[in-house]
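The opening residue of the sequence shown carries number 1252 in this note's numbering; numbering runs sequentially from there.
Cβ coordinates follow ideal geometry from the N, Cα and C atoms, glycine included.
Predicted model only: the values in this text are computed from it and were never measured.
See structure below.
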Amino acid sequence: MPPDTTPLDTAPLEVVGRIRAASNATFLARVGEVSVVYKPVAGEKPLWDFPDGTLAAREVAAYLVSESLGWGIVPRTWLRDGPLGPGMVQLWQEVDATQSPVDVVPTGDVPPDGVRTVLEGVDEEDRPVSVVHEDTPALRRMAVFDAVVNNADRKGGHVLPLSDGRRLGVDHGVTFHVEPKLRTVLWGWLGESLDADELAGVERVRASLGTGGGADPDGALGRRLAELLAPEEVTALAERCDRLLGAARFPAPSGGMPAVPWPLF
């Protein structure tokens, strides 16, 4: 079969069904033969700490930062019109349900190698359990990405395992706040040194923001983000990059909010 050459930005978008598990209005849709996720701005629920109607733009901004990092963490994401108005559209991903990059396991069954423990607690029957995640380069890069974009909602279900071993991140509507908001299930490397590849990725983002900060961005990424985020949010992004590069370590939780999202998955 020849590749689908449908113009994804302009061809009709057809809603196929609603994704009920999402907190905001989220739909499975098609553009030609291409399956996509469609989140109309009109379906965004107001949040107390983020401006109304900005979540779709933040998802696109997160994709642009992912591309600047060079790690392909976020599926292609863009803004366009649809049957329920303008919104975010993202390429649909088929996950491998046999893989669990983030999991809850009985504490006594935590493998000695290959995973990091994030939390320990008890289940509904008062049995000890642990929240764990893979100890892999792919998830390390996602944790760095989350620190860069100040992701306030990295749930386990927002880590998509693909059959080829890649790990993709989705649901980035609550990112880029100027205050510390990092809430994630990927705390397994807290305080450890960033490796050369991770530092180089952050350096690429910082360089592409330019020297002008949020008020007058003069880098390619900075100019594009200026169309999606407030000037002070672009400035805060540059400052987070500077802090990560200066410390060269995975950050610790900060601010007054919980360090993990709820629910965890």
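Bridge-paired residues (DSSP) for residue i
i	result
V1382	V1355 and L1370
Contact set for residue i: own chain, Cβ-Cβ below 7 angstroms, skip 5 residues either direction
i	result
F1516	K1406, G1407 and G1408
S1274	K1296
Environment of residue i [buried if 16+ CB atoms lie within 10 Å]
i	result
W1299	exposed
K1290	buried
E1385	buried
G1420	buried
K1296	exposed
A1403	buried
D1374	exposed
R1271	exposed
G1336	exposed
G1465	For G1465, the predicted model reports a pLDDT of 49, less than 50, meaning its position is unreliable; a value from the coordinates is still stated below. Buried, because 16 or more other Cβ atoms sit within 10 Å of the Cβ of G1465.
Sub-8 angstroms separation of residue i and residue j beta-carbons
i	j	result
L1472	L1460	yes
V1369	V1355	no
S1444	A1499	yes
G1424	E1310	yes
P1352	V1410	yes
G1470	A1458	yes
L1441	F1501	yes
D1397	R1331	no
Q1344	R1327	no
G1338	V1292	yes
P1514	R1434	no
G1333	P1431	no
Same chain only: Cβ atoms within 6 angstroms of residue i, ignoring 5 sequence neighbours per side
i	result
L1476	A1312 and V1485
G1268	L1279
T1277	I1270 and K1290
Same chain, Cβ closer than 8 angstroms to residue i, five either side skipped, listed in chain order
i	result
V1399	V1316, L1320, V1453, V1456, L1488, R1491, C1492 and L1495
R1379	For the record, residue 1379 in the displayed sequence is Pro; it is not Arg. Around P1379: P1357, T1358, G1359, E1371, G1372 and V1373.
Identify every run of the beta strand (DSSP E) within the segment 1262–1345, keeping only runs that are complete inside it and at least 3 residues long; order them along the chain.
1264–1269, 1278–1282, 1285–1291, 1328–1331 and 1338–1342
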